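Read through the structure below, which is laid out as structure tokens, and then see the notes.
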Amino acid sequence: MSDPAPFRPPMPGGQPDYDTPSYGSTAKRHPKAALIAVPTTLTEASGPRFSPLHFPALADLSVTSGKPALGERIIVAGRVADEDGRPVANTMVEIWQANAAGRYDHPGDQHDAPLDPNFHGEGRVFTDSEGRYRFVTIKPGSYPWRNHPNAWRPNHIHFSLFGSGFAQRLITQMYFPGDPLLDLDPIYLSIADRAARARLIARFEIALTQPEWALGYRFDIVLRGRGATPMENA
Amino acid sequence: MPAATANQTIGPYWHLIEHAEWADLTRFGAQGEVITVGGQVLDGDAAPVADAAIEIWQADPPADATFPGFGRTRCDAEGRFRFRTLKPGPVAGRGNAWQAPHLALVLHARGVLKPLFSRLYFAGDRRNESDPLLSAITDPARRETLLARETAPAHWHLDIRLQGEDETVFLAL
Numbered sequence: 001m002s003d004p005a006p007f008r009p010p011m012p013g014g015q016p017d018y019d020t021p022s023y024g025s026t027a028k029r030h031p032k033a034a035l036i037a038v039p040t041t042l043t044e045a046s047g048p049r050f051s052p053l054h055f056p057a058l059a060d061l062s063v064t065s066g067k068p069a070l071g072e073r074i075i076v077a078g079r080v081a082d083e084d085g086r087p088v089a090n091t092m093v094e095i096w097q098a099n100a101a102g103r104y105d106h107p108g109d110q111h112d113a114p115l116d117p118n119f120h121g122e123g124r125v126f127t128d129s130e131g132r133y134r135f136v137t138i139k140p141g142s143y144p145w146r147n148h149p150n151a152w153r154p155n156h157i158h159f160s161l162f163g164s165g166f167a168q169r170l171i172t173q174m175y176f177p178g179d180p181l182l183d184l185d186p187i188y189l190s191i192a193d194r195a196a197r198a199r200l201i202a203r204f205e206i207a208l209t210q211p212e213w214a215l216g217y218r219f220d221i222v223l224r225g226r227g228a229t230p231m232e233n234a
Numbered sequence: 235m236p237a238a239t240a241n242q243t244i245g246p247y248w249h250l251i252e253h254a255e256w257a258d259l260t261r262f263g264a265q266g267e268v269i270t271v272g273g274q275v276l277d278g279d280a281a282p283v284a285d286a287a288i289e290i291w292q293a294d295p296p297a298d299a300t301f302p303g304f305g306r307t308r309c310d311a312e313g314r315f316r317f318r319t320l321k322p323g324p325v326a327g328r329g330n331a332w333q334a335p336h337l338a339l340v341l342h343a344r345g346v347l348k349p350l351f352s353r354l355y356f357a358g359d360r361r362n363e364s365d366p367l368l369s370a371i372t373d374p375a376r377r378e379t380l381l382a383r384e385t386a387p388a389h390w391h392l393d394i395r396l397q398g399e400d401e402t403v404f405l406a407l
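From first to last, the protein sequence lines stand for chains E and W. Taking our numbering, the leading residue of the first sequence gets 1, the next gets one more, and so forth. Taking our numbering, the leading residue of the second sequence gets 235, the next gets one more, and so forth.
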């Protein structure tokens, strides 16, 4: 059996550092010792395959038991590909978010904003054969946090993806264009490369917008590629 | 094609995608040597990390319809986590090498801006001696941070220390 192709190292500045002083919670939670580099083995090159049978899709977050959630209905869709441009098919995409008022349906969230009985905020879909996914949801509100005085998170939707190898694991946040809070947000700004962080901002797209119904936002996602070495024909 | 999408923290509210049963990798009827693995996650002040998500992935036994190979669980108020799974066997390494039985671990939490990868090995397994990753960690005290102890029959315990004395070995994959 030939060795699995190694994953590409991250682009300099393209990922946040664990130690990011402007984001206070990193202070006691970042490793101080150097990470140990692990060559790609079966452990990193393989990954979970979720069956929609066991993990049913939840593609529409905007309706609960037939009742519409409050807020601005939106469509969020995009394509998942790897750094070589290959679509990542049949991979699970999970999302979670605050409601339109900026409150999570979570016991830990004590922000003084109303909960919405018709909005829970969990979504899950699988990409199609071309790596495409699509959710219908509600535009999340901003909310305060205690990182620094008068700190507010920009509107965002959390994303979780797996890809085909465990080393491709991605947890990220999708932001919205034109949000004035972005340039004040230490989490967003933790990505040193300006273009890399701007790729976390979804694009409004009129072609994705459904007339008389919902605005469309496109958010394309790129998972790590497997290096330049061509795969041998087995 | 642009470079890989940047990670962002999972934050404190990730439990919206939590399903408690994911902590049991045997729930679809997998047959084999059932074990539990658990531990406690501590920060640089040795305070419990109560809002972390811990995930495991194992290449062995191979995932199939009855065994997902993947689990996710929360840390509780004391930072404790626990999985039920099948004990892995050795896994092919690079070249002709073999890797000792292990679980891949990844931790996500508020204050952790991208996944923190590690591994869990089983203390006392003679195959640990020839495992390429364990062998590459020259400091025996650091190597110990990856070795779970069997604290009760079929129960393996490993604490994860994010920072400070006995800091867990984290991996760049």
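Even for Gly, the Cβ is constructed at its ideal location relative to N, Cα and C. Quick caveat: nothing in here was measured; it's all calculated off a predicted structure.
Next on the checklist: For a test of the three-state rule: what should DSSP assign to Trp213(E), helix, strand or coil?
Outcome noted: In the structure shown, Trp213(E) sits in coil (DSSP, three-state: anything other than H, G, I, E or B).
Next on the checklist: Once DSSP output is grouped into helix, strand and coil, what is the label at Gln15(E)?
Outcome noted: Three-state DSSP puts Gln15(E) in coil, outside helix and strand.
Next on the checklist: According to DSSP, simplified to helix, strand and coil, what is Ser2(E)?
Outcome noted: Judged by DSSP in its simplified three-state form, Ser2(E) adopts coil rather than helix or strand.
Checklist entry - So the alpha helix (DSSP H) Thr385(W) belongs to, where does it begin and stop? => result From DSSP, Thr385(W) is part of no alpha helix (DSSP H) but of the beta strand (DSSP E) over 381 to 386.
Checklist entry - Considering only C-alpha positions, which residue in the set Leu61(E), Ser164(E), Pro154(E), Gly78(E) is nearest to Pro180(E)? => result Closest by alpha carbon: Pro154(E).
Next on the checklist: For Thr243(W) and Gly358(W), I'd like the C-alpha separation in whole angstroms.
Outcome noted: When rounded, the distance between both Cα atoms is 35 Å.
Next on the checklist: Below 8 Å on C-beta distance, what does Asn241(W) contact in chain E?
Outcome noted: Counting only Cβ-Cβ distances below 8 Å, Asn241(W) has contacts in chain E at Gln15, Pro16, Leu170, Ile171, Thr172, in chain order.
Next on the checklist: Measuring straight from C-alpha to C-alpha, what distance separates Arg49(E) and Gly303(W)?
Outcome noted: So the two alpha carbons sit approximately 9 Å from each other.
Checklist entry - When the Cα atoms are used, what is the spatial distance from Ser164(E) to Ala45(E)? => result Going from the Cα of Ser164(E) to the Cα of Ala45(E) covers about 7 Å.
Item to check | Presumed contact (8 Å Cβ cut-off) between Ile74(E) and Leu161(E), rounded CB distance | outcome: 20 Å between Cβ atoms; not a contact.
Item to check | Between the CA atoms of Glu94(E) and Asp128(E) - distance to the nearest angstrom | outcome: If you draw a straight line from the Cα of Asp128(E) to the Cα of Glu94(E), it is about 14 Å long.
Checklist entry - Grouping DSSP H, G and I as helix and E and B as strand, with all else coil, what is Asn233(E)? => result Below a pLDDT of 50, predicted positions are generally treated as unreliable, and Asn233(E), at 40, falls in that range; no measurement from the model is reported.
Checklist entry - Under 8 Å Cβ-Cβ, which residues of chain W neighbour Lys139(E)? => result The premise fails here: Lys139(E) is roughly 17 Å from chain W at the closest Cβ pair, so nothing lies under 8 Å.
Item to check | Where Arg308(W) meets chain E, residues with beta-carbon distance less than 8 Å | outcome: The contact set of Arg308(W) on chain E, defined by CB atoms closer than 8 Å, is empty, because the minimum CB distance reaches about 11 Å.
Next on the checklist: Tell me the rounded alpha-carbon separation between Trp152(E) and Asp19(E).
Outcome noted: In a straight line, the C-alpha of Trp152(E) is about 21 Å away from that of Asp19(E).
Next on the checklist: Can you tell me whether Ser25(E) is helix, strand or coil according to DSSP?
Outcome noted: It is helical.
Item to check | Residues that His106(E) contacts on chain W, provided the C-beta gap is smaller than 7 Å | outcome: Ordered by position in chain W, the residues that pass the 7 Å Cβ test against His106(E) are Tyr247, His249, Leu250.
Item to check | Burial state of Gly330(W) (16 or more Cβ within 10 Å) | outcome: The displayed chain sequence assigns Asn, not Gly, to residue 330(W). Exposure of Asn330(W) is indicated by the presence of fewer than 16 other C-beta atoms within 10 angstroms of its C-beta.
Next on the checklist: Short of 7 Å in beta carbon distance, which residues of its chain neighbour Ala234(E), apart from the five on each side in sequence? Order them along the chain.
Outcome noted: Confidence at Ala234(E) is low in this model, with a pLDDT of 33, below 50, so its placement is unreliable and no value can be given for it.
Checklist entry - What does a CB cutoff of less than 7 Å around Lys348(W) pick up in its chain, not counting 5 residues either side in sequence? => result Short of 7 Å from the beta carbon of Lys348(W), and not among the five residues preceding or following it, lie these beta carbons of its own chain, in chain order: Asn241.
Checklist entry - Would you call Thr172(E) buried or exposed, if buried means 16 or more other Cβ atoms sit within 10 Å of its Cβ? => result So Thr172(E) counts as buried.
Checklist entry - Could one say the Cβ of Phe315(W) lies closer than 9 Å to chain E's Cβ atoms, at least one of them? => result For Phe315(W), the answer is no, since every Cβ of chain E falls outside 9 Å of its Cβ.
Checklist entry - Ends of the alpha helix (DSSP H) at Leu337(W)? => result Careful: Leu337(W) lies outside any alpha helix (DSSP H), inside the beta strand (DSSP E) at 336 to 342.
Checklist entry - Starting from Thr270(W) and walking both ways along the alpha helix (DSSP H), at which residues does that stretch end? => result No alpha helix (DSSP H) holds Thr270(W); the beta strand (DSSP E) holding it covers 268 to 276.
Item to check | Sequence-distant residues of the same chain with beta carbon closer than 6 Å to Gly245(W), five excluded per side | outcome: Hits under 6 Å: Arg344.
Next on the checklist: In the DSSP output, what is Ser352(W) paired with across the bridge?
Outcome noted: By DSSP's assignment, Ser352(W) forms a beta bridge with Leu339(W).
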